[in-house]
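Student: In the working numbering, the protein residues as written are 651 to 1310.
Even glycine gets a Cβ: it sits at the ideal position worked out from N, Cα and C.
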């Protein structure tokens, strides 16, 4: 069969070399037999390493063929266009079908990964040059990775075909195959993770592996974190008695999805999250040095999530892998966000949305300033926010200020009032229109394209996102790769890196924290909300808020401990903010909560950036300026990706997802 990947196929795939710079590098020689390959320590370890080659590119939001691109579908992200439409836009507007989805390689990729993991499980005992402890580790590692890849399929497609603890049969007929039930999927994934948890160490050094070269490999904590997420998904509305999927039956006569809601699944997920917390092995990362200023320390604490590699909060992650071009793997991401002509290769193609910009809390009150939007058009109208008058938010006007964070060299300027007095994560993540890009102009070395001279002034570092053909735009050279929104990401950018030459980008190397303790706190808090333990939920949400300098939820919202709907809303706001730009987590959260149908649809609202405008006039929200994909759509069918037509042609009895 050509689409269900067999072990013989996966061995050939494993022969290809990867060009990475970590443990996941694999360079295999052509060995004659599996026994020969696994009997040698070098090739056996390389085969184990290759299990990581299939990891999702979640950190790459412009990769439309992987989960990273899914972040462009959400209400938290604006996906800019330089001059062309792409598949991210197709997903965003719902313009896809089983025929057009064939370019998304997740199904094939993860079944290849599953087959490769099974190859390691079945043959690692042949490695006679490693000791039993290392062999046991690599077998448990393979079990963990196989379970993880099954979960990645599950969250994208819903229940899939489970081969169990065996390889896919080489003689299986496509017409005989259909999906296992959701409970069978969950039970197998969790049972495999439990087996891995029994064997995996808390630290790879316990089995003689090296932190210098092997970081990112499976640990007991990683398996526990994946288990926590899996069980949380199983308890969530999308997979727990969802009315849309009732009656869906596979060709064997089994109901694919649970037919009734089961509240005990929240207790099971709650227990899994609490077990990680009770290990006391991980902690929320904070800056090594404090200033004593709650606001400044809040910014610096939050920045350490990326700036401090393999920090104490990261349970499992991997080196960021955005692109492999001359900008570097993390530098490419920063280039995609950075302003053009303040930096070399600034694309400005990745920006937040107004939904996210509006979500960040006010620093003094701790309240979220916008509680919703007008929906008279059936979509969220971001030009008509519903403002919480108790929050302290001011939506109009300008105030002369000095920029608070990472720009003590900058002079006073007029800031729009909506950008003032926001929480530390706002300033650690965003640069609004009119603010200064946080790089001291004295550190710039390239020729200033605005003046053709080497000298840079503070004004040259100011982010004006006007575009068009007038004098203002010519000054800022907004001729291509435009920022179509009016805010720039700076979360992964360390202040005072000039970004003038390729090495400025290449020196930036971050770990993508695919699973970190803050998520476990959120998992536990969500389960506490759904099981009625509101004080316990607030306790763990507050730990995350406190790290970033915010007051407690009870102080911000008196009475919240007896108002589960308000608490649930605050929890979701907090999680969207905390994980902004960290892969597609918000997309999958919104799907499993089944809120995406309500929250995602909107026009592509931006600031009024078209020329001719002045700075003051640019601070008007417009739905007319975005050049492509004028709106975001999301319907009942969009909660799960369809199986593509090629797969359906081979597996003629495969039950398609709802709406397709």
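Given that a residue counts as buried once 16 or more other Cβ atoms are within 10 Å of its Cβ, and exposed if not, what is residue 654?
Tutor: Caution is warranted here: a pLDDT of 45 is assigned to residue 654, below 50, making its placement in the model unreliable, and no coordinate value can be reported.
Student: With burial defined as no fewer than 16 other Cβ atoms inside 10 Å of the residue's Cβ, what is the status of residue 679: buried or exposed?
Tutor: Residue placement at residue 679 is flagged as unreliable, the pLDDT there being 49, under the threshold of 50; the coordinate-derived value follows with that caveat. Residue 679 should be labelled exposed.
Student: Between which two residues does the alpha helix (DSSP H) harbouring residue 1296 extend?
Tutor: Note, residue 1296: alpha helix (DSSP H), 1295-1300.
Student: Three or more beta-carbon pairs under 8 Å between the segment 850-869 and the segment 1131-1144, yes or no?
Tutor: Result no; under three Cβ-Cβ pairs closer than 8 Å.
Student: Do you know offhand how far residue 1204's Cα is from residue 1044's?
Tutor: Taking the straight line joining both Cα atoms gives about 23 Å.
Student: Could you say which of 986, 786, 921 and 707 lies nearest to residue 1149 if we only look at CA atoms?
Tutor: Nearest of 986, 786, 921 and 707 to residue 1149, Cα basis: 986.
Student: Count the other CB atoms, across all protein chains shown, that sit within 10 Å of the CB of residue 710; report buried if there are 16 or more and exposed otherwise.
Tutor: Residue 710 should be labelled buried.
Student: What residue ranges within the segment 754-831 form continuous alpha helix (DSSP H) runs of no fewer than 4 residues, ordered along the chain?
Tutor: Counting only runs of 4 or more, we get 756-773 and 782-807.
Student: Buried or exposed: residue 1123, going by 16 or more other Cβ atoms within 10 Å of its Cβ?
Tutor: Reliability of the predicted coordinates at residue 1123 is poor, the pLDDT of 41 falling under 50, and the value obtained from them is presented with this limitation in mind. Its Cβ being crowded by 16 or more others within 10 Å, residue 1123 is buried.
Student: Can you pull the DSSP bridge partners for residue 1012?
Tutor: Beta-bridge pairing links residue 1012 to 1072.
Student: Please report the Cβ distance between residue 1165 and residue 967, rounded to the nearest whole angstrom; I am assuming they are in contact, meaning their Cβ atoms lie under 8 Å.
Tutor: Between residue 967 and residue 1165 the Cβ distance is about 7 Å, and since that is below 8 Å, they are a contact.
Student: Residue 1252 bridges to which residues according to DSSP?
Tutor: According to DSSP, which records beta bridges pairwise, residue 1252 is partnered with 1030 and 1282.
Student: Check each candidate in 785, 875 and 1011 and name the one with the smallest Cα separation from residue 1200.
Tutor: Of 785, 875 and 1011, the residue nearest in Cα terms is 1011.
Student: Any idea what DSSP makes of residue 1164, helix, strand or coil?
Tutor: Looking at residue 1164 - three-state DSSP - the assignment turns out to be strand.
Student: Between the beta-carbon of residue 1020 and the beta-carbon of residue 1035, is there less than 8 Å?
Tutor: In this structure, residue 1035 lies closer than 8 Å to residue 1020 by Cβ.
Student: Just to confirm the assignment, what range does the alpha helix (DSSP H) spanning residue 952 have?
Tutor: Residues 944-957.
Student: Three Cβ pairs or more, each shorter than 8 Å: is that satisfied between the segment 831-849 and the segment 734-749?
Tutor: As far as the Cβ criterion goes, the segment 831-849 does not touch the segment 734-749, which means the pair count is below three.
Student: Tell me which residues share the same chain as residue 1385 and place their Cβ nearer than 8 Å to its Cβ, disregarding the 5 neighbours each side in the sequence.
Tutor: Absent from the structure is residue 1385, since the part of the chain shown begins at 651 and ends at 1310.
Student: Relative to the alpha-carbon of residue 1173, which residue among 1113, 1195 and 927 has its alpha-carbon at the smallest distance?
Tutor: Ranking 1113, 1195 and 927 by Cα distance to residue 1173 puts 927 first.
Student: Can the beta-carbon of residue 1260 be found closer than 8 Å to that of residue 1275?
Tutor: Contact: yes.
Student: Looking at the strands, I want to know which residues DSSP matches up with residue 1257.
Tutor: Residue 1257 pairs with 1271.
Student: Out of 1055, 1161, 1195 and 1170, point me to the one whose CA is closest to residue 1018's CA.
Tutor: Answer by Cα proximity: 1195.
Student: Going by alpha carbons, who is nearest to residue 993 out of 1154, 843, 933 and 1023?
Tutor: Residue 993 has its Cα closest to that of 1154, out of 1154, 843, 933 and 1023.
Student: Suppose only complete runs of 4+ residues qualify. What are the alpha helix (DSSP H) ranges in the segment 831-884, listed by chain order?
Tutor: Segments of the alpha helix (DSSP H) lying fully in the segment 831-884: 832-849 and 861-864.
Student: Can at least three beta-carbon pairs, one atom from the segment 787-796 and one from the segment 761-777, be found at a separation below 8 Å?
Tutor: In short, these stretches touch, since the Cβ pair count reaches three.
Student: Locate the alpha helix (DSSP H) running through residue 688, then write down its first and last residues.
Tutor: That run of the alpha helix (DSSP H) goes 684-689.
Student: For the candidate residues 1241, 1285, 1283 and 1277, whose alpha-carbon lies nearest to that of residue 804?
Tutor: If we check each option's Cα against that of residue 804, 1241 comes out closest.
Student: Note down, one range per segment and in chain order, each alpha helix (DSSP H) of at least 4 residues found wholly within the segment 1216-1240.
Tutor: Whole alpha helix (DSSP H) segments, 4+ residues: zero.
Student: Take residue 1190 as the anchor and find which of 1182, 1168 and 789 has the nearest alpha-carbon.
Tutor: Among 1182, 1168 and 789, the Cα nearest to that of residue 1190 is on 1168.
Student: With burial defined as no fewer than 16 other Cβ atoms inside 10 Å of the residue's Cβ, what is the status of residue 1073: buried or exposed?
Tutor: With 16 or more other Cβ atoms within 10 Å, it is buried.
Student: In angstroms, rounded to a whole number, what distance separates the CA positions of residue 1224 and residue 1075?
Tutor: Straight-line Cα distance between these residues: approximately 11 Å.
Student: What are the start and end residues of each continuous alpha helix (DSSP H) run of 4 or more residues lying completely inside the segment 1040-1104, in chain order?
Tutor: Listed in chain order, the complete alpha helix (DSSP H) runs (minimum 4 residues) inside the segment 1040-1104 are 1074-1079.
Student: Between the segment 1239-1253 and the segment 698-718, can you find at least three pairs of beta-carbon atoms closer than 8 Å?
Tutor: In short, these stretches do not touch, since the Cβ pair count stays below three.
Student: Between the C-alpha atoms of residue 1058 and residue 1146, what's the straight-line distance to the nearest angstrom?
Tutor: For residue 1058 and residue 1146, the distance between alpha carbons rounds to 11 Å.
Student: Hey, would you say residue 857 sits closer than 8 Å to residue 950, going by beta carbons?
Tutor: Not a contact, by the Cβ cut-off of 8 Å.
Student: Apply the 10 Å Cβ neighbour rule to residue 825 and answer buried if 16 or more other Cβ atoms are within range, or exposed otherwise.
Tutor: By the neighbour-count rule (16 or more Cβ atoms within 10 Å), residue 825 is not buried but exposed.
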